[in-house]
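What follows is a set of notes on a single structure, which appears directly below.
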Amino acid sequence: MVTLEQIRQVAMALPRTTEAVVRGRVKFRVGRIVYVALSRDELTMGCGFPREERAAMVAAEPDKFFMPIPSELRYQWIEVYLTAIDPAEMSELVTDAWCMVVPKKVSAERLAHLGHPSDLLRDPGDRPARP
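Going by this note's numbering, the first residue of the sequence shown is number 862, and it counts up by one from there.
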């Protein structure tokens, strides 16, 4: 199961990210735009996700993904069971959600230096050297 600490490790490594607790829920955002939010029990995570791809993702992997509540369907958002994903998949979801809310130049610069999003979860001594 993916934990809040693992999500925090990935999210806080991304430029312009801040963490907030709103009504008992941990949220990660850039400015005022939330791109990741955890449920109060920390068993599910909502994250930015292209609206036009959401239904297909939920249909393809209903054991991992589910639709947001009806009042949030208008947003580009998907919900994920944290017990059903591994840290590498979480890292990719968080990073992709972050890319949706920052300027393209910021995401391109960061990703050029970052490598694969799951690299954030490795110990610094285990990471491959970057040119």
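All residues carry an ideal CB built from backbone N, CA and C; glycine is no exception.
Task: the stretch 894-914 touching the stretch 937-952, judged by at least three CB pairs closer than 8 angstroms - done: Taking 8 angstroms as the limit for Cβ pairs, the verdict is that the stretch 937-952 does touch the stretch 894-914.
Open item on the list: Only counting the same chain, and skipping five residues up and downstream in sequence, which positions put a Cβ closer than 6 angstroms to that of P989?
Closed with: The predicted model places P989 with a pLDDT of 49, which falls under 50 and marks its position as unreliable; any figure quoted below should be read in that light. Correct list: empty, nothing qualifies.
Task: Cβ neighbour criterion (16 or more within 10 Å) applied to M862 - done: Counting Cβ neighbours within 10 Å, M862 comes out exposed, since fewer than 16 surround it.
Open item on the list: Excluding the 5 residues flanking A945 on each side, which residues of the same chain have their C-beta closer than 7 angstroms to its C-beta?
Closed with: D924 and K925.
Task: Close Cβ partners of I894 (< 7 angstroms) along its chain, the five nearest in sequence each way excluded - done: Closer than 7 angstroms at the Cβ level, and outside the excluded window around I894, lie V962.
Open item on the list: Quick check: R901 and G885, are their CB atoms within less than 8 angstroms of each other?
Closed with: The answer is yes: Cβ separation under 8 angstroms.
TODO: Could you say which of L875, T905, R877 and A874 lies nearest to V887 if we only look at CA atoms?
DONE: The shortest C-alpha to C-alpha distance from V887 to any of L875, T905, R877 and A874 is the one to T905.
Task: Best match in L972, L865 and E970 for proximity to G907 [C-alpha to C-alpha] - done: Answer by Cα proximity: L865.
TODO: Going by CA-CA distance only, name the one from A920, A898 and K966 that's closest to E933.
DONE: Out of A920, A898 and K966, A898 has the C-alpha closest to the C-alpha of E933.
Task: Opening and closing residue of the beta strand (DSSP E) in which A881 lies - done: Counting along the chain, the unbroken beta strand (DSSP E) around A881 starts and ends at T878 to V883.
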